[in-house]
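Student: The working numbering numbers the first residue of the sequence shown as 15 and each following residue consecutively. Yeah, the Cβ is synthetic: ideal placement off N, Cα and C, and Gly gets one too. Just so it is clear, the structure is predicted and the values come from calculations on it, not from any experiment. After the structure tokens below, expect a handful of questions from me.
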Amino acid sequence: MHRVQLDQFEGPLDLLLFFIRRDEIDVHDIPIARIADEYLEAVRVLEHVDLDAAADFIYTAALLIQIKARMLMPRPELDDEGEPIDPRKELVERLIEYVRYKEAAGNLEGRFEARQRLRTRGQAADQRDELAPPVEQTYRATIFDLVAALGAAVERAAAESEIIRHEVARESFAIDVQRSWVLSRVEGGGASFQALVARRSKSFVIVTFLAVLDLAQRQAIRLVFGLDPQDFAVEPVEAVTSVDDTRSDESLSAAA
15 MHRVQLDQFE
25 GPLDLLLFFI
35 RRDEIDVHDI
45 PIARIADEYL
55 EAVRVLEHVD
65 LDAAADFIYT
75 AALLIQIKAR
85 MLMPRPELDD
95 EGEPIDPRKE
105 LVERLIEYVR
115 YKEAAGNLEG
125 RFEARQRLRT
135 RGQAADQRDE
145 LAPPVEQTYR
155 ATIFDLVAAL
165 GAAVERAAAE
175 SEIIRHEVAR
185 ESFAIDVQRS
195 WVLSRVEGGG
205 ASFQALVARR
215 SKSFVIVTFL
225 AVLDLAQRQA
235 IRLVFGLDPQ
245 DFAVEPVEAV
255 TSVDDTRSDE
265 SLSAAA
């Protein structure tokens, strides 16, 4: 298991790269119609999350729609030499440049960490060994890792819709209610996300997912990814003093 630190969301080009790498697509031959549709579907989920970079996601979605429309034109655009212009060219160049930038940034970060280890080697090593807490292996999760788990849950809900249809005809959920519901389900030691939303409707799955994201951002729960890329564990955090700013003092005392 790896501990997830959910304190940073990646940008719009990372979302494109996620789809491209997932489907092993040649970046020079992107199936723009399919990728644009998947990107828009993801943005519809992301727009429920309070991200500072939301405008960038929407801008990139608009760019994909524009490229898709240009590729559907009966006659391709021509350059000054009369050759067809690939509407994807500018986007491909941006993606390639962005990948190079990220790789360079990763190399610089690796060099910095190596230098820091060299500087501290041999300085009170025995004392550090005695006092330092155990080091937990971590990695930084992106919203796209979570969207993958959400997609799996929604697909499962759709497959089971005929079974549970009579139970969910008029159901309605609010995120603040689902926050309390999630906390009550994981307070005994945690549960997997897929188990929390098993045999539930699509609306229940999506609102619960948003509640889980909100709780993670409030540091009321921890999200733990293991070997299953379509699931993650939801674990409570000790000494949570406030989950919902609107909850009364009486409610907080009862929950303690």
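Would you mind working out which of 42, 219, 101 and 229 sits nearest residue 165, comparing C-alpha positions?
Tutor: Its Cα nearest to that of residue 165, the residue 219 stands out among 42, 219, 101 and 229.
Student: According to the neighbour-count rule (16 or more other Cβ atoms, all chains shown, within 10 Å of its Cβ), is residue 55 buried or exposed?
Tutor: Classification of residue 55: exposed, given that the 10 Å Cβ count is below 16.
Student: Measure the beta-carbon distance from residue 167 to residue 106 and round it to whole angstroms, keeping in mind my assumption that it falls under 8 Å.
Tutor: With a Cβ gap of about 33 Å, residue 167 and residue 106 do not count as contacting.
Student: Would you kindly work out how many angstroms separate the C-alpha atoms of residue 217 and residue 92, rounded to a whole number?
Tutor: 46 Å
Student: How big is the Cα-Cα spacing for residue 108 and residue 42?
Tutor: 11 Å
Student: Could you tell me how far apart the beta carbons of residue 163 and residue 244 are, in whole angstroms, since I believe they sit closer than 8 Å?
Tutor: 5 Å
Student: Rounded to whole angstroms, what is the Cα-Cα separation between residue 114 and residue 35?
Tutor: 15 Å
Student: Within the continuous alpha helix (DSSP H) that includes residue 209, where are the two ends?
Tutor: 207-210
Student: Going by Cα to Cα distance, which pick from 191, 101, 90 and 94 is closest to residue 79?
Tutor: Here the closest residue by C-alpha is 101.
Student: Could you tell me whether the Cβ atoms of residue 193 and residue 225 are closer together than 7 Å?
Tutor: yes
Student: Out of curiosity, what's the CA-to-CA distance linking residue 82 and residue 223?
Tutor: The alpha-carbon atoms of residue 82 and residue 223 are separated by roughly 30 Å.
Student: By how many angstroms is the C-alpha of residue 84 removed from the C-alpha of residue 73?
Tutor: 17 Å
Student: Rounded to a whole number of angstroms, what is the C-alpha to C-alpha distance between residue 208 and residue 99?
Tutor: 45 Å
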